[in-house]
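Residue numbers (our numbering): 65 to 181.
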């Protein structure tokens, strides 16, 4: 993120979203003004849904995002390199519920797989 020199910075107003960590008014590009939460990162093994195999280890981050033209905040799962999936809150709640309650996925999550540490 590029910073604007102090003498050229507009007066910074507190963001309306308590979870937002963006330093509004201190960025150069409008895309840097997006509301973003701090996020939570973890390492995961992932693969493209079109391919088989063991996948690759990568860093993922989960957090909130809200662009200037959004009417709602989104749950973002970011993979780095500009790759992300964003779910609306209802879809994220459904995903969480299905992971916990659908018999097959709940059983898979309760059973340590080889290599799960």
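C-beta: ideal position from N, C-alpha, C; glycine also.
Reference residue i, options the options, closest by Cα
| i | options | result |
| --- | --- | --- |
| residue 103 | 117, 90, 86 | 86 |
| residue 126 | 166, 143, 136, 82 | 143 |
| residue 98 | 173, 133, 78, 112 | 133 |
| residue 112 | 165, 157, 147 | 147 |
Residue environment, residue i, which counts as buried when at least 16 other CB atoms sit within 10 Å
| i | result |
| --- | --- |
| residue 118 | exposed |
| residue 100 | buried |
| residue 121 | exposed |
| residue 108 | exposed |
Whole-angstrom C-beta distance between residue j and residue i, which should lie under 8 angstroms
| i | j | result |
| --- | --- | --- |
| residue 116 | residue 129 | With a Cβ gap of about 31 angstroms, residue 116 and residue 129 do not count as contacting. |
| residue 151 | residue 159 | 7 angstroms |
| residue 153 | residue 136 | 7 angstroms |
| residue 123 | residue 105 | 6 angstroms |
In DSSP terms, what residue i is bridged to
| i | result |
| --- | --- |
| residue 99 | 130 |
*Mind pulling the alpha helix (DSSP H) runs of 4 or more residues that sit fully within the segment 122-157?*
none
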